[in-house]
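Engineer:
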Amino acid sequence: TGSPMHSVASIPFLKVMRVTRVARVLRLARLLRKVRPLYQLLNGVAASLQGVGWVILATFMMLYSAAIVFTTMVGRGYIYDSPDEIPEEAKQHYATVARSLLTLFKLMNDDQSVVEPIVTTWIGQLLFYSFMMLSNWMALAILTSVVSDNMITASRQHDEHEAIVQKQMQHERAKVRLRKILGDLDSNHDGCITELELAQFLKDELQQQE
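Counting from 1 along the sequence shown, just add 837 to a position and that's the residue number in the numbering used here.
(1) Suppose only complete runs of 4+ residues qualify. What are the alpha helix (DSSP H) ranges in the segment 887-964, listed by chain order?
(2) Taking just the CA atoms, how far does residue 1036 sit from residue 1014?
(3) Could you tell me the alpha carbon to alpha carbon distance between residue 981 and residue 974, rounded to whole angstroms?
(4) Output needed for residue 998: all residues of its chain with C-beta closer than 7 Å, excluding positions within five of it in sequence on either side, in chain order.
(5) Please work out which residues of its chain come closer than 6 Å, Cβ to Cβ, to residue 983, disregarding the five sequence neighbours upstream and downstream, and give them in chain order.
(6) Here's a check: name, in chain order, each residue in its chain whose Cβ is nearer than 8 Å to the Cβ of residue 953, leaving out the five neighbours to either side.
(7) Indicate the three-state DSSP secondary structure (helix, strand or coil) for residue 846 in the structure shown.
(8) Please classify residue 844 as buried or exposed, where buried requires at least 16 other C-beta atoms within 10 Å of its C-beta.
(9) Do residue 935 and the ligand FAD come close, with the Cβ less than 7 Å from some heavy atom?
(10) Counting along the chain, where does the alpha helix (DSSP H) carrying residue 882 start and finish?
(11) Under 8 Å between the Cβ atoms of residue 903 and residue 968?
(12) By the 10 Å Cβ neighbour count, where 16 or more other Cβ atoms means buried, how is residue 885 classified, buried or exposed?
(13) Helix, strand or coil, according to DSSP, for residue 1027 in the structure here?
(14) How would you label residue 917, buried or exposed, when you count the other beta carbons within 10 angstroms and need 16 or more for buried?
(15) Have a look at 877, 871 and 873 and flag the residue whose alpha-carbon is nearest the alpha-carbon of residue 988.
(16) In or out: residue 923 buried (at least 16 other Cβ within 10 Å) or exposed?
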């Protein structure tokens, strides 16, 4: 068996080896650049992150505002005939703003069991319908529109950049070809093309075509 010092010294080496294995994931970046549709998709998602961040912030503000309303209306018993009629589940879910925030987040993710204590009254049903329309329909529509718009913009910018690059490459190839033609015309390499050199070049071209 090895000595304890040798075992301790081998631990950093093992960590380095594991990090090296994880670094293999970076190879996927090269593959993504080769698959153009996938690269455009990921580029659009990355470009939409800033807009998504604002949507998340707006969603949190909406959740926080709704949590205050639910805590006031449900947690304090305003939707019931008297405070004594507040169900225990309603107290558990909507007693404080923090609890209401967590409960509404669950409701936003389709956990409708948290609204069973409040849908027994018409005011509770109105609160439930209003929150679902705001949180699910509007927030989802805004998020979808922001992501789609940013992805379309990023895809268009990528296509425009690719078109510019292709145009520059074609321009460079045309310059190289033109320089070659001019170099062939200037047989004595004095920087000037005479009528005799031009006539000789055209004659040679005709002979090659024949």
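Idealized CB from N, CA, C, for every residue including glycine.
Structural biologist: The relevant details are as follows:
(1) 925-931 and 934-945
(2) Numbered from 1 along the sequence shown, position 177 holds the residue referred to as residue 1014. Numbered from 1 along the sequence shown, position 199 holds the residue referred to as residue 1036. Taking the straight line from one Cα to the other gives about 20 Å.
(3) Looking up residue 981 in the sequence shown gives position 144. Looking up residue 974 in the sequence shown gives position 137. For residue 981 and residue 974, the distance between alpha carbons rounds to 11 Å.
(4) Looking up residue 998 in the sequence shown gives position 161. Here the set comprises nothing.
(5) Looking up residue 983 in the sequence shown gives position 146. Same-chain partners within the cutoff: 888 and 892.
(6) Taking the first residue of the sequence shown as 1, we reach residue 953 at position 116. Here the set comprises 926.
(7) What you label residue 846 is simply residue 9 of the sequence shown in a count that begins at 1. Annotation note: pLDDT 48 at residue 846 (below 50); position unreliable, coordinate value reported separately. Correct three-state label for residue 846: helix.
(8) Numbered from 1 along the sequence shown, position 7 holds the residue referred to as residue 844. Because the pLDDT at residue 844 is just 47, under 50, the model does not fix this residue reliably, and the point stays unresolved.
(9) This structure does not include the ligand FAD; it has no bound ligands of any sort.
(10) Indexing the sequence shown from 1 puts residue 882 at position 45. Start and end: 873-884.
(11) The residue labelled residue 903 in the question sits at position 66 within the sequence shown. The residue labelled residue 968 in the question sits at position 131 within the sequence shown. Yes. Within cutoff.
(12) Position 48 of the sequence shown holds residue 885. The residue in question, residue 885, is buried, as its Cβ has 16 or more Cβ neighbours within 10 Å.
(13) Here residue 1027 refers to the residue found at position 190 of the sequence shown. It is coil, neither helix nor strand.
(14) Here residue 917 corresponds to residue number 80 of the sequence shown, with the count starting at 1. With 16 or more Cβ atoms within 10 Å of its Cβ, residue 917 is classed as buried.
(15) On the sequence shown, residue 988 is found 151 positions in, with the first residue counted as 1. Comparing Cα-Cα distances from residue 988 to each of 877, 871 and 873, the minimum goes to 877.
(16) Numbered from its first residue, the sequence shown carries residue 923 at position 86. By the neighbour-count rule (16 or more Cβ atoms within 10 Å), residue 923 is buried.
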